[in-house]
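Encoded as C-alpha cells, the structure appears first; notes follow it.
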Amino acid sequence: MKLLIVESPSKAKTLNKYLGKEFVVLSSYGHIRGLPSAPGSVEPDAQFKMHYEMTDKSGEHVKRIVEQAKKAEMIYLATDPDREGEAISWHISEILRMKKAIQPSTTVKRIVFHEVTKKAILEALSHPKDIDMDLVHAQQARQALDYLVGFTLSPVLWRKLPGSKSAGRVQSVALRLISEREDEIDKFQIQEYWSIDALFASTEKDVQEHFSASLTHYKGQKLEKLSIGGSIQAESMLKDLEHNQYSVIDIQEKETARHPSPPFTTSTLIQEAARKLGFSAKHTSRVAQKLYEGIAIGTEVKGLITYMRTDSVNLAKEAIDSIRREIISLYGNERCAPSPRVYQTKSKNAQEAHEAIRPTDIALKPTSIQSYLDADQYKLYELIWKRTIACQMSSAKVNITTILISDQNNTGTFKATGSVVIFDGFYKVYQEGKDEADDEVKDRLPVLHKYEALNTLSMKANQHMTQPPPRYTEASLIKKLEELDIGRPSTYSSIISILQSRNYVALEKKRFIPEVRGRIVTAFLTLYFTKYVEYHFTANLEESLDNVANGQKDWRALLEDFWSDFHLKTKEVMTFDNQGIVTNLESHLQHFLFPPTNPSTDDQTAPTTSCPKCKTGRLHLKMGKFGAFLGCDNYPTCTYAKNLDTTNTDNATSESVKESKLICVEEKSGKQILLKNGPYGYYLQFGEDATKKGTKKDSLVRRVSLPKFLKPEDVTTDIAKSLLELPKILGKDSVTGQNIVLGIGKFGPYLECNKQYTSLRQMNIFEIDLNQAISLIAESAKKKKPAKKSK
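This note's numbering puts the first residue of the sequence shown at 392, with every later residue one more than the last.
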C-alpha cells in the first residue's frame, strides 16, 4: 500500500479519483504542529530552538495518518509547493518518526505538483525527491521572526500604550503606509484652479460634429495646471478669447500599440479581483484555493487552475502552445500574437520555480462549466481564463489624434485629443482595470484638415480643486507592498486581515482609513522602533529569507542578526517614562490631534488646544484603559475628556459605555446608530426611542445584541452597520436549496436553514461565507442526528 498525504480534504478527494486502489490519500488538514502562543516557544539563547506543539484540531488527523503509515511501503508527502507546504511535509515526517510509524522498509519521499490534474500527479510521482530543508528553514525563520517580534514588542505596546493590541513585523509596515497616507491627506491644502474649455465644430460640414478642447497656451505662454488661480483671472481671459475666430493650425496623428498584461501572479490576481469583482483579498484567496484543489465537473473532480500562491509570470511551453491554439480556434489567426509572448518576472526575489496562475485546461471555457460553479467561483475563473487567453493575443492598435486650434491673433491655443481603436487584438477579450481614473482620452474626433475654420459653439471657464492623494484600496495597498518588495504571495491576504481584526484600520467605501489606535501605534513605532518599520529594512529582511530558501544564508545567522539589536531596543524602550512617550506622540501627531480650523484652504487658523469646558486649561493627549483621548490639564478640577475614537465631541468620555454611545449618524436617514448597555448586555440601536411623553415612537428602530467575541470599545462604524444588517441571507444550501440565514438572537449568533438552527457561539461571524456556513450546518446536523438503537 502507498500512502499519499496532502494538506486539504478537498484536494485529497480529488486525488482519490486519479489514483488506483493501491493508494490511500489522506489530508493533514493544514498544519499539524505550530508554535504555541506562549512565552518560551522560541529560545534565542539555545540557538533559536523552537518548541512545537500539536494543533488543537490535528489529533484525529494525525492518528489516522500514523495508522496508515505503519502499513505503507511508500509514503509520499504531497503538500503545497511552497515554503509552508515544505514545512508541513517536514512536520509530518518528524511526527511519524517520533511515533515510530515509519517501518525500516518504508520509503518516505516528497512530491511537488503545481496543478491538481491526473497528468501532473503522475508526473510528480515519477520524480519523487527529498524534503528541501532550505525551504523548511526559510519557513522556520519567518515563523520565529514573527513570533519574536509579536511576543517581545506587544508587551511594550501594552505597557506604554494602554488599549493597544499586538504588533506584527510586516503588518506594522503596512499600517505605516496607511497612516502616512492619512497624514498626507490631513496636511493637504486644497488649491483652486480654473480651466477654459471650448466646444468647436467644423464650418464646412452640413452636420456639425462637435468636439471639446482645452486652453493650453495664452498669449504665447504655456499654461500649467495651476496657472489660472481664480475666477477674476479666468473671466478676464475668457473675455479675450470667446469672440475670436478659430481654425485648425496643426493635426498630429500617431499609431500606438497596446500590449496585453502578463498572466496573473497572486498579487495581481488579488488586485484585479478587487477592482473588477469587488472581492476582498481574503475572499479571492479562498475562492482561488477551491478552484485549485478541485471542483466536481460532472462525474469528475478537476483542479481548474494552477497553484495560486506564486510571484512568477512564467508559463510552461505546453501551456503557451495550448493557449495559442485556443486563440486561433476562437478568434482567428490575426488575433494570436505572431510569436509566443514570454514575460519576465519583475520581482528580483521571485520564489520557487512556479508558473503563473492559469487554467489547467484552457479549452474549459467559463460558460461551459458555469453550471458546476457558484457565482464567485465562476467570476474568478472567468477572470483568470480571460487574462490567460489575452496574454498570448496580438497587441491592440490605437490611433491617437491631437488637434491644435488657435485664433488669427494667436491669443489662445486649444488642444483636443482623441483616440480610435483600429485593431482590437487582445481588447476583444480583456482589459486590465485601474485603481484610479486616469486622463487617457477615449473620445473620437471628427475628420478635419489643417487651416479648416471652426465654429465656437460655447466657451466656458470651469472651476476645479486639487485633490489629496487617494486612500489605499486593498488592490493599491498590495501593489505598493509589492513595489517595496515587502510581503510574499502567501502573506498578502493575512497582512490585511490582521490589520482589520486588530481594529487598527477600517475599510470604508473600499478604502483603508487608519483608526486612532492604528495611528498612535504607527507614531510610537516610528519614533521608538524606527529601523524596524522602515520599508527598506523590511524588504532586506524578506530578501534574506529568500536567501535562506535558496541555500545562500544560514537561518540561525539571520535570526541572530535580527535579535541581537531588537531585544536590546525593546529593553531600552521599556525603561522610558510613559508620560515622556505620550508627550512625544502628541508632538508627532499635532496636526491630527489639533487640526487647523480651515484645513482645506490657505486661510488656515492656528489650531486651538484650549479646553472648551473650563476655558483656562489646555488639552493634551492622554492614554486611558480603552485607548487614547484628549483631556484637560486642569484635571481633577476639570473633568473634560474628548474620545478620539468616536464622532462625539464635547461630551465624549474615555470611560467604558455606561448608558449609550454614539457610533455614527446614518447618511441617508440622518438617524443615529447608538451602542447601548442594557440589563442583558451591550446592543446596537438604529434610530432613537421616544424621549418625551406623547412623542411618537420611531417605528423603524432596530436593535441587535453585541456578539460575545466583540468588545464594546472595538465597535467601529463598519462593524455596527454590518451587525444592523442582520439577519441576512448568505445564499442557498447546495443540498436542500433553502436559504441560509445569518442572524443574532437571544442566545447569540446563529445560522438558520429550513427552520434548523446552528449556534455560532464565540465565532467571528464577519468571516463566515456561504461555503463555511454549509459546512457548519452539515457538522451540526451530524451531531444532532440520534444514534441508531441496537436491535
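Note that CB positions come from ideal geometry on N, CA and C, so glycine has one too.
Checklist entry - According to DSSP, which residues form a beta bridge with TYR1073? => result ASN1068
Next on the checklist: Going residue by residue through the region 413-461, where are the continuous alpha helix (DSSP H) segments of at least 4 residues, counting only ones entirely within it?
Outcome noted: 450-460
Checklist entry - Considering only C-alpha positions, which residue in the set TRP776, LEU1115, SER563 is nearest to THR921? => result SER563
Checklist entry - Out of ASP752, TYR698, LEU721, which has the shortest C-alpha to C-alpha gap to GLU709? => result ASP752
Checklist entry - Taking the C-alpha atoms as reference points, what is the distance between SER967 and GLY824? => result It is worth fixing the name first, because residue 967 is Phe in this sequence and not Ser. The straight-line gap from Cα to Cα measures roughly 49 Å.
Item to check | Residues near VAL812 by beta carbon distance below 7 Å, same chain, minus five either side | outcome: ALA787, VAL789, TYR818
Checklist entry - Between ALA807 and ALA604, is the Cβ-Cβ spacing less than 8 Å? => result yes
Checklist entry - Taking Cβ to Cβ, would you say ILE718 is nearer than 8 Å to ARG749? => result no
Item to check | Cross-strand partners of LEU1095 (DSSP beta bridge) | outcome: The residue asked about is misnamed: residue 1095 is Val in this sequence, not Leu. Per DSSP, LEU1075.
Next on the checklist: Once DSSP output is grouped into helix, strand and coil, what is the label at ASP798?
Outcome noted: strand
Next on the checklist: Pairs of beta-carbons, one from the region 499-506 and one from the region 904-924, closer than 8 Å: are there three or more?
Outcome noted: no
Item to check | Residues of its chain near PRO757, where Cβ-Cβ distance is below 7 Å and the 5 sequence neighbours each way are ignored | outcome: TYR769, TYR772, GLU773, TRP776
Item to check | Residues bridged to GLN1147 [DSSP beta-bridge criterion] | outcome: CYS1144
Next on the checklist: With distance defined between alpha-carbon atoms, name the residue in VAL453, ALA429, GLY1078 nearest to ILE396.
Outcome noted: VAL453
Next on the checklist: Quick check: the Cα distance between ILE569 and ARG862, rounded to an integer number of angstroms?
Outcome noted: 7 Å
Item to check | Backbone CA spacing between VAL1048 and VAL547 [nearest angstrom] | outcome: Below a pLDDT of 50, predicted positions are generally treated as unreliable, and VAL1048, at 49, falls in that range; the measurement from the model is reported next regardless. Near 27 Å, if we compare the C-alpha coordinates of VAL547 and VAL1048.
Item to check | Sub-8 Å separation of ALA672 and TYR926 beta-carbons | outcome: no
Next on the checklist: Considering Cα atoms alone, identify which of LEU682, ASP1024, LYS462 is closest to SER496.
Outcome noted: LYS462
Item to check | Element boundaries [alpha helix (DSSP H), containing GLN580] | outcome: It is not in any alpha helix (DSSP H) - GLN580 carries neither H nor E in the DSSP assignment.
Checklist entry - Is there at least one non-hydrogen atom of the ligand ADP closer than 7 Å to the beta-carbon of GLY723? => result Among the ligands in the structure shown, none appear at all, so the ligand ADP cannot be discussed.
Item to check | Contacts around LYS944, its chain only, beta-carbon distance under 8 Å, and the 5 residues preceding and following it disregarded | outcome: SER935, ASN938
Item to check | Under 8 Å between C-beta atoms of ASP393 and GLU464 | outcome: The displayed chain sequence assigns Lys, not Asp, to residue 393. Yes; because the gap between Cβ atoms is below 8 Å, this pair is in contact.
Next on the checklist: For TRP585 and ASN853, which I take to be in contact (beta-carbon distance under 8 Å), what is that distance rounded to the nearest angstrom?
Outcome noted: 7 Å
Checklist entry - Terminal residues of the continuous alpha helix (DSSP H) containing ILE502? => result Neither: ILE502 is in no alpha helix (DSSP H) and is coded neither H nor E.
Item to check | Three-state secondary structure (DSSP) of HIS482 | outcome: helix
Next on the checklist: For LYS693 and GLY450, I'd like the C-alpha separation in whole angstroms.
Outcome noted: 29 Å
Item to check | Rounded C-alpha distance that separates ASP588 from LYS851 | outcome: 6 Å
Checklist entry - Exposed or buried, LYS1173, counting other C-beta atoms within 10 Å across all chains shown (16 or more means buried)? => result exposed
Item to check | Nearest to GLY1018 (by Cα), restricted to the options THR697, GLY554, LEU1115, LEU890 | outcome: GLY554
Item to check | Closest residue to GLY431 among TYR420, TYR443, THR470 (Cα-Cα distance) | outcome: TYR443
Item to check | ARG567 to PRO860 span [Cα, whole Å] | outcome: 16 Å
Checklist entry - Closest to SER713 by CA distance: which of ALA728, PRO729, ALA754 is it? => result ALA754
Next on the checklist: Quick check: what's the CA-CA separation for LEU1114 versus ALA492?
Outcome noted: 49 Å
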